[in-house]
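Quick note, this note's numbering runs 4 ahead of the 1-based positions in the sequence shown. What follows is one structure encoded as structure tokens, with my remarks underneath.
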Amino acid sequence: MGQGRALLGWAIACALLGAAISYVDDAERTGELVNWIRSLTVVIVIWLVAFPVWETIFPRRPKR
């Protein structure tokens, strides 16, 4: 469930940043927005890889 929400947040953020980039339509002025998309993508990929590894090494205890 948490992974789906993270992906949804990433998709919404990237869509809004992409819309802003398209609206401004000047690569020189929107370079930082492109960098934000790259940063968000790196973070979500790391999180999607690291979380399953973490859960494998340290499984959650079942709720009582």
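Each residue gets a CB set at the ideal place from its N, CA and C atoms; glycine is no exception.
Start and end residues, alpha helix (DSSP H) containing residue i
i   : result
I56 : The sequence given here places Pro at residue 56; Ile does not occur at that position. Taken as a continuous stretch (DSSP letters only), the alpha helix (DSSP H) holding P56 covers G35 to I61.
A10 : G6 to V28
From the options, residue whose alpha carbon lies closest to that of residue i
i   : options         : result
G22 : L44, G6 and R68 : L44
C-alpha distance - residue i paired with residue j, whole-angstrom precision
i   : j   : result
V46 : R64 : 26 Å
E32 : I61 : 45 Å
V38 : L11 : 18 Å
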